[in-house]
Amino acid sequence: MEPLHLQLRSEVESLYEARPYPPVGYLSPFFQRIRWEERPTLNYRAAYSAAYGSTTGIIASSKPRILVAGCGTFEPVVVALANPGAEILAVDLSERSLRRLEWQLRIRGLQGRVKTWAGDFEELPDYFGAFDFVIATGVIHHLSDPERGLRSLVSRTKEAGVFRLMVYSYWGRSLLYSAKELAGKLGIKDPAAFRRMIESLPAGHPYKIYFYLYDDARNDTGLADGFLHPCDRPFTAYGLRDLLSAAGLQATKFLHAPAGQPEAADRLARLPVDLGSWDRLSLLEWFGELEKNFTFFACRDGWRIRPKVTEYEWNQALPRSGNLRSELAGRELRFDTRRDPATYSPGELRELADALFLLPSGGK
Ligand SMILES: C[S@@+](CC[C@H](N)C(=O)[O-])C[C@H]1O[C@@H](n2cnc3c(N)ncnc32)[C@H](O)[C@@H]1O
Numbered sequence: 002m003e004p005l006h007l008q009l010r011s012e013v014e015s016l017y018e019a020r021p022y023p024p025v026g027y028l029s030p031f032f033q034r035i036r037w038e039e040r041p042t043l044n045y046r047a048a049y050s051a052a053y054g055s056t057t058g059i060i061a062s063s064k065p066r067i068l069v070a071g072c073g074t075f076e077p078v079v080v081a082l083a084n085p086g087a088e089i090l091a092v093d094l095s096e097r098s099l100r101r102l103e104w105q106l107r108i109r110g111l112q113g114r115v116k117t118w119a120g121d122f123e124e125l126p127d128y129f130g131a132f133d134f135v136i137a138t139g140v141i142h143h144l145s146d147p148e149r150g151l152r153s154l155v156s157r158t159k160e161a162g163v164f165r166l167m168v169y170s171y172w173g174r175s176l177l178y179s180a181k182e183l184a185g186k187l188g189i190k191d192p193a194a195f196r197r198m199i200e201s202l203p204a205g206h207p208y209k210i211y212f213y214l215y216d217d218a219r220n221d222t223g224l225a226d227g228f229l230h231p232c233d234r235p236f237t238a239y240g241l242r243d244l245l246s247a248a249g250l251q252a253t254k255f256l257h258a259p260a261g262q263p264e265a266a267d268r269l270a271r272l273p274v275d276l277g278s279w280d281r282l283s284l285l286e287w288f289g290e291l292e293k294n295f296t297f298f299a300c301r302d303g304w305r306i307r308p309k310v311t312e313y314e315w316n317q318a319l320p321r322s323g324n325l326r327s328e329l330a331g332r333e334l335r336f337d338t339r340r341d342p343a344t345y346s347p348g349e350l351r352e353l354a355d356a357l358f359l360l361p362s363g364g365k
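Now the structure itself:
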C-alpha cells in the first residue's frame, strides 16, 4: 500500500485537477477579479524591507528570483504585476491549474515573465537554483507534513531570502471546521450535498451564517477547497510560532487588517509590556478577533536588521497614482508616486509606510 503522505498528496492533487483553484474561466479572463490591494504586499522589496529595514542593502536583489509555491491558476499574474523586472517560477502539483494559469498570463502578455513547473515543490530540481523571495499562499496547511514542506522552501532560498506566507487560522475558521466535521460524519463528499446540509440547518444557525459569509462558498470550487478538503491542518498562533521556529524562520510583519495585528490586543485588555507578538495574537484568538488566515512576511532567524530609516521610496507594485484600499491601513489611501516622499508630513509618511505604499530605502 502507498505510504500515507503520498496517498494524501495524490488526494490533494486530484482535488485541484478536478477543481483548479481559484476558478478562472477560459472565456472570462478579463472578468477575473484581481485583488489590486494585494499588490503592495506581494512585492519583493516590501518583504525585504520588512526584514532588513531597507530596500537597498548589499544583499537586496535588483532582479529578484521569486518562487510561487502552490501557485494555483492565478496568483502569479498578480505577483508578476507586483514585481516588474523579477524572474518568477510558478509551481503547482496540478497540471490543469498550470494550463489555466498559462492562459491567464498569455492573455495579459505576461507569459515571458513567469515560468511554470508541474510537481511537488518539495521535489523541485536543483537546476532551478536559489530564490530571493518565496510566496506560499494557502498551501502549507495542505501538506501532509507542513514543517518538512516549509523547511524545503527555506532550503531553496538565498541566505537573505524573504517569504510571504498565508496559512489557515484554526480559531479564525473554527465554525468552518465544525461544519466540515459534521459533513464528514454524514458522509457528505460533494458540494451539492454540502449545500443541502447547510440549507437544512435552522435559520440563524452559526454554521449557516458562516457559510454565507464565506466568499469562496459561492462557487463549488471554493466550497470544495474550504469545506471538503482531504488535507487541511490549520494553525493556532502558538502552533504557527512553533512551525516557523522549527523551519528556522521568524515573522517580520503581519499583513492583517488593524484589528488582527498583534498590537490590537492592547486595545482589548491591559497587558503586561513584556508580552510578545505571538502572545498578543493568541489573546486575539480568544477574543475572537482573528481573521480566517495568518498572512505575513518572514525571514530567516537571526537575520533581521533594523537600521534607522532616513529615506523612503514608492512601492514598485503601485501604478502611477490613484486610490487603493489597504488591508493594513484598514481603509482606502490616496497616493501619487510622482511626488517626492520627503515632502509628506511625518503622519502621512507613517500611514503610507504602514500600508507598504512607501518602503524604507535609506537604512545606513
Ligand atoms: C488553495 S490553492 C492556492 C492557490 C494560490 N496560491 C492562491 O492563493 O490562489 C493550493 C494550491 O497548492 C497546490 N499544492 C498543494 N500541495 C502542493 C505541493 N506539495 N506542491 C506543489 N503544489 C501544491 C494545489 O495543487 C493548489 O493549486
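Quick note: the sequence shown uses our numbering, first residue 2, plus one each step.
Even glycine gets a Cβ: it sits at the ideal position worked out from N, Cα and C.
Cβ contact check for the region 88-102 and the region 67-78: 3 or more pairs under 8 angstroms: yes
Heavy atom of ligand 1 within 8 angstroms of Cys-300 beta-carbon: no
Which residues DSSP lists as bridging Thr-117, in chain order: Ala-91
Ala-225 burial status per 10 Å Cβ neighbour count (16 or more: buried): buried
Coarse secondary structure for Trp-287, derived from DSSP in three states: helix
Proximity below 9 angstroms, CB of Leu-319 to CB of Phe-298: no
Among Glu-182, Asp-121, Gly-185, nearest to Leu-154 - alpha-carbon criterion: Asp-121
Beta-carbon proximity check, Phe-295 vs Ser-170, cutoff 9 angstroms: yes
Close Cβ partners of Ser-145 (< 6 angstroms) along its chain, the five nearest in sequence each way excluded: His-6, Leu-9
Proximity test, Thr-138 beta-carbon vs ligand 1 heavy atom, cut-off 8 angstroms: yes
Complete alpha helix (DSSP H) runs within the region 171-222 (minimum length 4 residues, chain order): 175-186, 192-201, 207-214
Ser-11 to Ala-354 span [Cα, whole Å]: 43 angstroms
Sequence ranges, alpha helix (DSSP H) only - wholly within the region 315-358, length at least 4: 347-355
Burial state of Gly-162 (16 or more Cβ within 10 Å): buried
DSSP state of Pro-361 mapped onto helix, strand, coil: strand
Ser-362 versus Pro-263 - alpha carbon distance: 25 angstroms
Inter-stretch contact (C-beta, 8 angstroms, three-pair minimum) for the region 37-57 and the region 281-293: no
Rounded straight-line distance, which links the Cα of Cys-72 to that of Gly-80: Per the sequence shown, residue 80 should be read as Val rather than Gly. Taking the straight line joining both Cα atoms gives about 10 angstroms.
Identity of the residue in Lys-159, Trp-118, Val-78 nearest Ala-61 by Cα: Lys-159
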